[in-house]
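S.K.: Note that the UniProt record's numbering numbers the first sequence so that position 111 is 111, with each residue one more than the last. The beta carbon of each residue, even a glycine, is placed where N, CA and C say it ideally should be. These numbers come from a predicted model, not from an experiment. Sharing a structure with you now.
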Amino acid sequence: MGRPPCCDKANVKRGPWTAEEDAKILAYVATHGIGNWTLVPQKAGLNRCGKSCRLRWTNYLRPDLKHDNFTPQEEDCILELHKTIGSRWSLIAKQLPGRTDNDVKNYWNTKLKKKLINMGIDPVTHKPFAQVFAEYGKISGLPIQNATNHIQFYNNTNQNNQLFIFSNETSTPHHHLQQNYSTQIYTRETLQTLSFSEVSSTNSSFSSLQSQLPSSSSTSTSTWNDYILGDPLTSSGTHQRQGTFLSNQVEEMHPVEQPTCSPAMDSFVDTILARDKQMLMDFPPLLDVYLDY
DNA sequence: AAGCAGATCAACCGCCCACCC
DNA sequence: GGGGTGGGCGGTTGATCTGCT
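Dropping the structure here:
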């Protein structure tokens, strides 16, 4: 048997709050302060659930709340904290005066997540998709599709059927939205029609790769379609390479050791502890938050 | 101008946990 | 120690807004 409902849901008002209801809450809090929310509807003369009253106060009526747009500094802070502690919205909101967990959560879901995806960054791990895919292959025991030191090509697509090309020559940026991952995003259709030089001209990292390729492959007649690798996340692409030519050429030029599977990986607990350590170094104010595992 | 799709955000839901008796 | 309760939390929903065709 579950917990009984906090109120008679059939007989309480739901939906948007009116100015009159807001005024009642404000008047009640001004007189009595914040206390037992289950008694607030009765004492304030509201036909609302106590929980709903608390939510209205904490997310909208509190006088210390900001109602303007998020600043770039706040955005950076959310990104850094989300990277470190994940979707613990209330903890993140505590570092942003005047913002609620609901504000932060909505901002993340509607703006920041999409921004990262469009930049070719996985919003869960905060790593470039290429790295995530490579690690996916490592975890699942699949061969790394193209483990070169200089460039990686994946024909993984996002929801918009965009294709990502990554160079891993750049180091991990500190501020995700202000640095260049050397990531180019094309639709599959577009890329298949572009010549190598057309694409590489947009990015110095790709230009440098072009100069390392055999002369026959770096002519404008070669298209990127020749170099697209199989998608490691799909069954058809798992063990198959479409662009074996480039893969072989690059691997010959820059042989790397194929990473082995799980034995070399840290344990889950080690990973969590390392993340917390990093979080506390980056955000000393969180030192007063007790994290129990 | 109308209809549609996507974006936004306030509000709700249900689970969890700390506290109190 | 155990059950009941209030409050906090993250995830989800749905009404409204906005922009595009």
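#1: Are the beta-carbon atoms belonging to H32 and L79 less than 9 angstroms from one another?
#2: By Cβ distance, which residues of its chain are closer than 7 angstroms to W17, with the 5 residues on each side in sequence left out?
#3: Starting from the C-beta of A30, find all residues in its chain whose C-beta is less than 6 angstroms away, skip the five residues before and the five after it, and write them out in chain order.
#4: In chain order, what residues of the same chain have a beta carbon less than 7 angstroms from the beta carbon of N59, not counting five sequence neighbours either side?
#5: Do L65 and G98 come within 9 angstroms of each other at the CB atom, strictly closer than that value?
#6: Tell me the DSSP secondary structure of I121 in three-state form.
#7: With DSSP as the reference, identify every bridge partner of P128, one or two as the case may be.
#8: Can you give the beta carbon distance from C53 to I25, rounded, assuming they're within the 8 angstroms contact cut?
#9: In angstroms with no decimal places, state the Cα-to-Cα distance between T110 and L81.
#10: Determine the DSSP secondary structure at D101, reduced to helix, strand or coil.
#11: Terminal residues of the continuous alpha helix (DSSP H) containing L61?
#12: Helix, strand or coil: which one does DSSP assign to V40?
#13: What number of angstroms, rounded off, separates the C-alpha of D122 from the C-alpha of E21?
#14: With a cut-off of 8 angstroms on the beta carbons, I'd call V40 and Y28 a contact; round off their distance for me.
#15: Which residues bound the alpha helix (DSSP H) around I78?
#16: Starting from the C-beta of V104, find all residues in its chain whose C-beta is less than 8 angstroms away, skip the five residues before and the five after it, and write them out in chain order.
#17: So L112 and E75 are in contact, right, with Cβ under 8 angstroms, and what is the actual spacing, rounded?
#18: In whole angstroms, what is the alpha-carbon distance linking I85 and F133?
#19: Buried or exposed: Y181, going by 16 or more other Cβ atoms within 10 Å of its Cβ?
#20: At which residues does the alpha helix (DSSP H) containing D22 begin and terminate?
#21: Once DSSP output is grouped into helix, strand and coil, what is the label at G45?
#22: Hey, how far is the Cα of Q73 from the Cα of K115?
#23: Roughly how many angstroms separate the alpha carbons of A19 and Q42, rounded to a whole number?
#24: Mind checking whether the beta-carbon of F70 lies closer than 8 angstroms to any heavy atom of the ligand ADP?
#25: Does the beta-carbon of residue 302 have 16 or more other beta-carbons within 10 angstroms, so that it is buried, or is it exposed?
#26: On the criterion of 16 or more Cβ atoms from any shown chain inside 10 Å, does A23 qualify as buried, or is it exposed?
#27: Could you pull out every residue in the same chain whose Cβ sits closer than 6 angstroms to the Cβ of K83, ignoring the five residues on either side in sequence?
M.R.: To lay it out plainly:
#1: Against the first sequence, residue 32 aligns to sequence position 32. Against the first sequence, residue 79 aligns to sequence position 79. No, the pair does not count as a contact, with Cβ atoms beyond the cut-off.
#2: Here residue 17 is taken as the residue at index 17 of the first sequence, counted from 1. Once the five neighbours on either side are set aside, the close Cβ partners of W17 are R56.
#3: As a position in the first sequence, residue 30 is number 30, starting the count at 1. Excluding the 5 residues flanking it on each side, A30 has no same chain C-beta neighbour closer than 6 angstroms.
#4: Numbered from its first residue, the first sequence carries residue 59 at position 59. Around N59: T100, N102.
#5: Taking the first residue of the first sequence as position 1, residue 98 is located at position 98. Taking the first residue of the first sequence as position 1, residue 65 is located at position 65. Closer than 9 angstroms, so yes.
#6: Along the first sequence, read from residue 1 onward, the residue named residue 121 stands at position 121. Three-state DSSP puts I121 in a strand.
#7: Walking along the first sequence from the start, residue 128 turns up at place 128. DSSP lists I121 as partners of P128.
#8: Numbered from its first residue, the first sequence carries residue 53 at position 53. Numbered from its first residue, the first sequence carries residue 25 at position 25. Rounded to the nearest angstrom, the Cβ distance from C53 to I25 is 6 angstroms, consistent with a contact under 8 angstroms.
#9: Sequence index remark: in the first sequence, residue 110 carries index 110 (1-based). Sequence index remark: in the first sequence, residue 81 carries index 81 (1-based). Each residue's Cα considered, the two are about 17 angstroms apart.
#10: Locating residue 101 in the first sequence gives position 101, where the first residue counts as 1. Looking at D101 - three-state DSSP - the assignment turns out to be helix.
#11: Counting from 1 along the first sequence, the entry for residue 61 is found at position 61. Counting along the chain, L61 falls outside any alpha helix (DSSP H), and DSSP gives it neither H nor E.
#12: Start at 1 with the first residue of the first sequence, and residue 40 comes out as number 40. Helix at V40.
#13: The residue labelled residue 122 in the question sits at position 122 within the first sequence. The residue labelled residue 21 in the question sits at position 21 within the first sequence. Roughly 42 angstroms between the two C-alpha positions.
#14: Taking the first residue of the first sequence as position 1, residue 40 is located at position 40. Taking the first residue of the first sequence as position 1, residue 28 is located at position 28. That belief holds up - the Cβ atoms of V40 and Y28 are roughly 6 angstroms apart, short of 8 angstroms.
#15: As a working mapping, residue 78 is identified with position 78 in the first sequence. Unbroken alpha helix (DSSP H) run through I78: 72-85.
#16: Indexing the first sequence from 1 puts residue 104 at position 104. Same-chain partners within the cutoff: I78, W89, I92, A93, L96.
#17: Counting from one through the first sequence, the residue named residue 112 turns up at place 112. Counting from one through the first sequence, the residue named residue 75 turns up at place 75. Correct: roughly 7 angstroms between the Cβ atoms.
#18: Here the question's residue 85 lines up with position 85 in the first sequence. Here the question's residue 133 lines up with position 133 in the first sequence. The straight-line gap separating the alpha-carbon atoms of I85 and F133 is approximately 22 angstroms.
#19: Position 181 of the first sequence, counting from 1, holds the residue named residue 181. Note that Y181 has pLDDT 35, beneath the 50 cutoff, so the model's placement of it is unreliable and the number below is only indicative. Buried, by the Cβ-count rule.
#20: The sequence position of residue 22 within the first sequence is 22, counting from 1. 19-32 is the span of the alpha helix (DSSP H), which, as asked, contains D22.
#21: In the first sequence, the residue the question calls residue 45 occupies position 45. In this structure, G45 counts as coil in the three-state DSSP scheme.
#22: The residue given as residue 73 occupies position 73 in the first sequence. The residue given as residue 115 occupies position 115 in the first sequence. Taking the straight line from one Cα to the other gives about 16 angstroms.
#23: Translated into positions along the first sequence, residue 19 becomes position 19. Translated into positions along the first sequence, residue 42 becomes position 42. In a straight line, the C-alpha of A19 is about 18 angstroms away from that of Q42.
#24: Among the ligands in the structure shown, none appear at all, so the ligand ADP cannot be discussed.
#25: Since the first residue of the chain shown is 1 and the last is 293, residue 302 is not available in this structure.
#26: By 1-based counting over the first sequence, the position of residue 23 is 23. So A23 counts as exposed.
#27: Numbered from 1 along the first sequence, position 83 holds the residue referred to as residue 83. Excluding residues within five positions, the ones whose Cβ falls inside 6 angstroms are H126.
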